[in-house]
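As structure tokens, the structure follows; a few thoughts come after it.
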Amino acid sequence: MASPDLFQNVAFSDVSAAAAPAAEGATAAFGVAAATGGPRLSLVKAGKPEVEPTIEIDLSDAQIFKLGPSEWLCLCGESEAKAGVEESFSRAIKVVLRTEAESKAFSLAFQRWKHQVISGKAGEPLENGSIIASKSKFDTKIEASSAKMYFHYYGQLLHQQNMLQDFVRTGTYYAAVMENRSDFEGRVVVDVGAGSGILSLFAAQAGARHVYAVEASEMAEHAQRLISGNPSLGQRITVIKGKVEEVELPEKADILISEPMGTLLVNERMLESYVIARDRFLAPDGKMFPTTGRIHVAPFSDEYLYVEMANKALFWQQHNFFGVDLTPLHGSAFQGYFSQPVVDAFDPRLLISPPTYHTLDFTSMKEEELYKIDIPLSFVASVGTRVHGLACWFDVLFNGSTVQRWLTTAPGSPTTHWYQLRCVLSQPLYVMAGQEITGRLHLVAHSSQSYTIYLTMSAKMWGVGADQGGILQTSTGKLELKEPYYRLSQPQSYVLQQDQQQQQLPCLQPQGSEQQMQEGLSPGITIDQVDQECGLH
0 MASPDLFQNV AFSDVSAAAA PAAEGATAAF GVAAATGGPR LSLVKAGKPE
50 VEPTIEIDLS DAQIFKLGPS EWLCLCGESE AKAGVEESFS RAIKVVLRTE
100 AESKAFSLAF QRWKHQVISG KAGEPLENGS IIASKSKFDT KIEASSAKMY
150 FHYYGQLLHQ QNMLQDFVRT GTYYAAVMEN RSDFEGRVVV DVGAGSGILS
200 LFAAQAGARH VYAVEASEMA EHAQRLISGN PSLGQRITVI KGKVEEVELP
250 EKADILISEP MGTLLVNERM LESYVIARDR FLAPDGKMFP TTGRIHVAPF
300 SDEYLYVEMA NKALFWQQHN FFGVDLTPLH GSAFQGYFSQ PVVDAFDPRL
350 LISPPTYHTL DFTSMKEEEL YKIDIPLSFV ASVGTRVHGL ACWFDVLFNG
400 STVQRWLTTA PGSPTTHWYQ LRCVLSQPLY VMAGQEITGR LHLVAHSSQS
450 YTIYLTMSAK MWGVGADQGG ILQTSTGKLE LKEPYYRLSQ PQSYVLQQDQ
500 QQQQLPCLQP QGSEQQMQEG LSPGITIDQV DQECGLH
């Protein structure tokens with residue numbers, strides 16, 4: 000074999016042609032069609048120059064199927080004019096390689112040229128999927144503009160560095176792999192959304208027989224350089240540029256490894272690709288790292304945060320802004336700020352009830368289950384206070400044969416680049432210790448690779464007659480997970496003694512008249528006033 004894209008001494012035959020003889024000692028060459036600039040596979044009989052192929056296959060709409068250890072069937076669409084009418088038909092070409100190793104290399108070259116398409120200018124990549132004739136499942140459910148921004152973002156090394164420098168994330172993955180070497184030694188691994196290729200290198204360190212690193216963004220080129228720069232590991236890693244929904248692999252995987260988690264676990268909708276990769280590539284009884292994920296939720300009280308968000312809309316309460324009354328837009332601006340989930344690290348003592356969680360089992364769930372996620376809420380308040388919303392975080396389990404290891408983003412644990420997320424209600428609830436809080440967290444996926452969050456929280460009747468049920472207060476919110484408010488502050492240091500943690504914070508006691516409490520925080524209440532109440536000045 001002269002190069003990764005040139006295969007010599009192959010045999011091919013046109014199966015769709017009656018009594019077509021097989022061509023022995025031929026050459027199969029991948030390259031760019033001179034006429035169209037598209038990727039093509041040329042099959043050239045022995046003794047013929049490559050510029051005079053016997054058969055030329057347009058790879059943009061071609062597919063291959065494995066017939067045997069070194070045999071492939073290539074299907075492609077063609078057309079010809081008969082009596083002035085253009086007719087379309089399918090063509091089937093059988094290609095036989097010399098060895099299994101060449102057969103595997105041929106399959107990988109086919110996928111690389113099909114999905115990493117090359118323009119007329121040698122080596123210049125086009126946009127992902129720009130000449131693919133039929134849309135994949137990814138393309139049908141995700142807006143092209145969102146996908147372009149997504150792959151551009153993850154194609155940059157500075158963002159990969161941000162994730163690599165999250166030592167909780169990277170260190171947990173490394174430990175999960177190395178502590179479970181028995182799951183990787185001598186096994187075939189597929190790295191789903193490989194990014195820089197770091198997880199592929201971890202798998203190779205753990206003794207994987209071969210790793211297929213699948214990456215759709217331009218980061219695939221960087222991953223190839225990084226892997227090539229570590230030759231003792233790189234010789235067992237193959238980088239494949241393309242989406243997991245589209246690429247083909249020459250063999251099944253014994254284990255999938257991926258980092259598909261976004262904010263609130265599900266943002267960016269990569270979990271769906273992870274599940275699709277399981278269905279396409281994972282052998283029966285294969286393992287997945289991570290194995291399961293959990294979304295944790297709990298009600299919280301944070302007067303500082305509520306005042307901060309409410310005061311953002313004060314700009315729109317100006318009656319004379321260069322002679323213009325802005326107040327007609329105050330209500331919309333106020334609700335707009337509360338439609339942003341808050342991403343930051345917060346003190347776990349702000350939680351007013353033990354959390355509950357919702358489990359996603361990546362090994363068995365269907366992709367469609369991620370389109371809508373419904374989480375019922377039921378808590379009992381541990382203190383009397385104002386409930387400002389719902390706090391959320393996640394963890395994932397690496398269920399190895401030797402060690403089970405968790406990666407958590409919980410408040411109070413070492414901070415990760417995911418932080419935590421809080422859905423803040425524009426209308427807080429008032430609860431007493433022992434009062435039940437119910438509701439629903441409903442996540443609906445959309446084509447911008449994220450979710451719309453619908454939150455409902457209610458305080459049930461408390462005290463005499465509570466056993467008869469009934470809702471006392473209800474507050475709702477609609478938030479956009481794709482457009483959060485990145486607060487990213489470290490947890491505040493609250494002046495609180497250990498034995499007072501279950502008592503009500505003075506600064507969280509409702510202030511003002513009953514009408515003010517029903518309408519939410521009065522615009523006259525400032526952060527300074529809250530600080531004074533808490534004795535922080």
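Numbering-wise (the working numbering), the sequence shown opens with residue 0 and increments by one.
We put the beta carbon where it would ideally sit given N, CA and C, even for glycine.
Query, Result
"Alpha carbon of Asp530 to alpha carbon of Leu349, nearest angstrom", "Note that Asp530 scores 38 on pLDDT, short of 50, meaning its location in the model is unreliable; the coordinates nonetheless yield the value given after this. Each residue's alpha carbon lies about 16 Å from the other."
"Three or more C-beta pairs below 8 Å linking the segment 33 to 44 and the segment 54 to 63", "yes"
"For Ala297, the three-state DSSP class (helix, strand or coil)", "strand"
"Cβ-based burial, Ile197 [other Cβ within 10 Å; buried from 16]", "buried"
"Buried or exposed (CB count within 10 angstroms, at least 16 for buried), Gly433", "exposed"
"Rounded Cβ spacing between Ile374 and Leu428 (contact assumed at less than 8 Å)", "The Cβ separation is near 18 Å, so there is no contact."
"Beta-carbon gap between Ala205 and Val176 smaller than 7 Å", "yes"
"Check whether Ala458 and Thr414 have beta carbons under 7 Å apart", "no"
"Backbone CA spacing between Val296 and Val402 [nearest angstrom]", "27 Å"
"C-beta atoms of Arg186 and Ile254 nearer than 7 Å", "yes"
"Straight-line gap, Met162 to Ser216 (C-alpha atoms, nearest Å)", "16 Å"
"Reduced DSSP category for Pro347 - H, G, I as helix; E, B as strand; rest coil", "helix"
"Cα-Cα separation between Asn8 and Thr98, rounded to whole angstroms", "11 Å"
"DSSP three-state assignment for Asp4, whether helix, strand or coil", "coil"
"Status (buried if at least 16 other CB within 10 Å, exposed otherwise) for Val386", "buried"
"Residue(s) in a DSSP beta bridge with Pro327", "DSSP output for Pro327 lists no bridge partner at all."
"Inter-stretch contact (C-beta, 8 Å, three-pair minimum) for the segment 416 to 424 and the segment 321 to 341", "yes"
"Nearest to Gly469 (by Cα), restricted to the options Lys113, Met460, Lys65", "Met460"
"6 Å Cβ shell around Lys93 - same chain, five flanking residues per side excluded", "Ser12, Val14, Leu72"
"For Ile452, the residue or residues it bridges with in DSSP", "Leu442, Leu478"
"Close Cβ partners of Leu507 (< 7 Å) along its chain, the five nearest in sequence each way excluded", "Below a pLDDT of 50, predicted positions are generally treated as unreliable, and Leu507, at 33, falls in that range; the measurement from the model is reported next regardless. For Leu507, where only same-chain residues beyond five positions count, the Cβ hits under 7 Å are Ser300, Glu302, Thr384, Arg385."
"Alpha-carbon to alpha-carbon, Phe393 and Thr408", "6 Å"
"Sheet register partners of Tyr429 (DSSP bridge)", "Arg385"
"Those runs of the alpha helix (DSSP H) which lie wholly inside the segment 189 to 271 and span at least 4 residues", "197 to 204, 218 to 227, 230 to 233"
"7 Å Cβ shell around Glu244 - same chain, five flanking residues per side excluded", "Ser135, Lys136, Phe137, Ser272, Ile275"
"Limits of the beta strand (DSSP E) - the one that Met308 falls within", "Premise fails: Met308 lies in the alpha helix (DSSP H), 302 to 311, not in any beta strand (DSSP E)."
"Candidates Gly411, Ser89, Leu406, Gln472, of which the one nearest Gly170 by Cα", "Leu406"
"Simplified DSSP assignment, three categories, for Glu158", "Per the sequence shown, the amino acid found at residue 158 is His instead of Glu. Helix at His158."
"Rounded straight-line distance, which links the Cα of Gln62 to that of Gln419", "44 Å"
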